[in-house]
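When you number the sequence shown by the working numbering, it's gap-free, plus one each residue, and the end is 444. Glycine included, C-beta positions come from ideal geometry on N, C-alpha and C. Just so we're clear, the structure is a prediction, and the values are computed from it rather than from any experiment. Structure first, then comments.
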Amino acid sequence: MDNFIAARSQMALSLGFHIVFSCIGMVMPFFMAVAHFMWLRTGNETYKNVTKAWSKGVAIFFATGAVSGTVLSFELGLLWPEFMKHAGPIFGMPFSLEGTAFFIEAIALGFYLYGWERFNRWFHWGTGVLVGVSGIVSGILVVAANSWMNSPAGFDYIDGKYTNIDPIKAMFNTGWFSQSLHMTIAAFAATGFAVAGIHALMIVRKRNIGFHTVAFRITAVFAVVAAILQPLSGDISAKFVAKNQPAKLAAMEAHFKTETYSPLIIGGIPDTASHKVDYAIKLPGMLSLMVNDKFNSEVTGLDKIPVKYQPPVAVTHYAFQIMVALGMAMLGISLLYLLAIWKVKKWLTQAWFLKIFVAATPLGFIAVEAGWTVTEVGRQPWIIQGVMRTADAVTPMPGVIYSFYLFTAVYFSLAIAVTFLLGRQIRMVPVIYDHTNLTPQAS
């Protein structure tokens, strides 16, 4: 493994680890705030118990996310100095603002955790809402910086120099809205299904049913709404990619030939040597319709992209297929949940129905990881789309492979610690949070 591959592997590991905690940090405070609001409105102690349990989980994920995020920001400078040398002054603003949002989130979380019985109860609830809002803002700002790498703006590149820098235009580049929207909804879907699945498992095991039923219903609603909205944001993102990153779209779809009535490819194994996709389901004209709203429109294929500028097709295609397949699975579960609420309420308490949510626990985060793989691998060989190649930005410092091994060990240790702490939180529910075993009020 040379320095270039080691640096990319370390960034992939760091981003893949951090994105999970970022999603949870963005979304869990809203679960907490809803449960808190229901307690304030109804006086039902079960809602208060759920709120306190979730608040401890938020603290755990916040601490882990802060550590992994800080490491990730340092890695940008350590592993990609040429990139930061030129890009830092251009897209540094969203990172600076993200730091401000992070500090607000930390202060609000401190108020919330230690504000029980000390603040006005509605002010206390408001600090919890502020934790969630600042977390969402923080996530959007980071994604805005990443979207700049996909759609660079706010500067002129003349004779190898970056001039006429406009940080505002760079931050609000053409990709920031679609990418931020897609990522935010994905965070709600992934976290919602993960948390709902854990509480569904506890209900199936008949442990503190009242407590876990309240928690399950709150998180399931978030998950269902997000999963239903996600295809809409995905359509917006696909149209952006088709316009601004045709090579990425071609790799996502394993679309080798530029043509009208371009087919949408489902599944399949790309054969880059013969420029075809084996064992795929092809829907004629659907790709043209999806990206250009017309069946007979032309979609750029890899044959129009120079080989040296083509991303890895197989990895991008498989990751995209995984993301879409899991998104459709979550959509199907969401529609089933809506059917249960409106027509067959008895399903909501039946073991088979809850087991579907248990099985869906990891789906959202696998889809998030696959989506980020599409975003980053699909942009290759560029670190700044069309401006700077990734190979030209890597550090000349030797021994990056040892750094990769070290950070792998650190992240593996953090994962074990977080798993232990969360397991302990779940085991402590009957001891700390639900010793009264109150039955939740009917909604």
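DSSP three-state assignment for residue i, whether helix, strand or coil
| i | result |
| --- | --- |
| Asp383 | Position check: residue 383 holds Trp in this sequence, whereas Asp was assumed. In the structure shown, Trp383 sits in a strand (DSSP, three-state: E or B). |
| Ile166 | coil |
| Thr440 | Because the pLDDT of Thr440 is 43, which lies under 50, any placement of that residue in the model is unreliable, and the number read from its coordinates should be weighed accordingly. In this structure, Thr440 counts as coil in the three-state DSSP scheme. |
| Asp294 | coil |
| Ile417 | helix |
| Arg119 | coil |
| Gln11 | helix |
| Gly400 | coil |
| Met429 | coil |
| Gln322 | helix |
| Pro307 | coil |
| His255 | A small correction: the amino acid at residue 255 is Ala; His does not occupy that position in the sequence shown. Ala255 falls in the coil class under three-state DSSP. |
| Thr350 | helix |
| Gln246 | coil |
| Val345 | coil |
| Val466 | Only positions 2 to 444 of the chain appear in the structure, and residue 466 is not among them; the question remains open. |
Cutoff 7 Å; reference residue i; Cβ partners in own chain excluding five residues on either side
| i | result |
| --- | --- |
| Phe354 | Ala341 and Trp348 |
| Met287 | Pro264 and Leu265 |
| Arg425 | none |
| Glu76 | Gln11, Met12 and Ser15 |
| Ala394 | Trp81, Glu83, Phe84 and Ile384 |
| Gly136 | Gly26, Met27, Pro30 and Glu106 |
According to DSSP, residues forming a beta bridge with residue i
| i | result |
| --- | --- |
| Val300 | Glu260 |
| Asp272 | Lys277 |
| Leu80 | According to DSSP, which records beta bridges pairwise, Leu80 is partnered with nothing at all. |
| Leu265 | Leu284 |
| Met389 | Ile385 |
| Asp236 | Asp236 is not bridged to any residue. |
| Ile462 | Residue 462 is absent from the structure shown; the chain starts at 2 and stops at 444. |
CB contact below 8 Å: residue i versus chain D
| i | result |
| --- | --- |
| Ile306 | Among the chains in the structure shown there is no chain D, since it carries only a single protein chain. |
Cβ-based neighbour list, residue i, same chain, cut-off 6 Å, excluding 5 preceding and 5 following
| i | result |
| --- | --- |
| Lys305 | Thr259 |
| Ala352 | Val205 |
| Ile267 | Ile282 |
| Val278 | Ala255, Ile266, Gly269 and Pro271 |
| Arg218 | none |
| Ile186 | Ala227, Leu230, Gln231 and Ser234 |
| Ala188 | Cys24, Met27 and Val28 |
| Phe223 | Phe189 and Gly193 |
| Met429 | none |
| Thr396 | Leu80 and Pro82 |
| Asn438 | At Asn438, the pLDDT of 49 sits below 50, so the modelled position is not reliable and the matter cannot be decided from this model. |
Own chain partners of residue i with C-beta closer than 8 Å, once the 5 adjacent residues on each side are dropped
| i | result |
| --- | --- |
| Ile427 | Ile199 and Met203 |
| Ala392 | Phe5 and Pro382 |
| Asn147 | Gln180 and Thr376 |
| Phe358 | Phe194, Ala197, Gly198, Ala201, Phe217, Ala221 and Ile334 |
| Ser56 | Met33, Tyr113, Leu114 and Gly129 |
| Lys309 | Pro382 |
Problem set entry | the region 400-417 in contact with the region 88-102 per 3-pair CB rule at 8 Å | no
Exercise. At which residue ranges does the region 15-53 contain complete alpha helix (DSSP H) runs of 4 or more residues, listed in the order of the chain?
Worked result: none
Exercise. Below 8 Å, can you find three or more Cβ-Cβ pairs linking the region 25-38 to the region 56-65?
Worked result: yes
Exercise. Would you say the region 371-391 touches the region 7-21, given that touching needs at least three Cβ pairs under 8 Å?
Worked result: yes
Problem set entry | alpha helix (DSSP H) runs wholly inside the region 130-216, at least 4 long, in chain order | 168-172 and 177-205
Problem set entry | Touch test, the region 150-161 against the region 193-212, Cβ-Cβ under 8 Å, three pairs minimum | no
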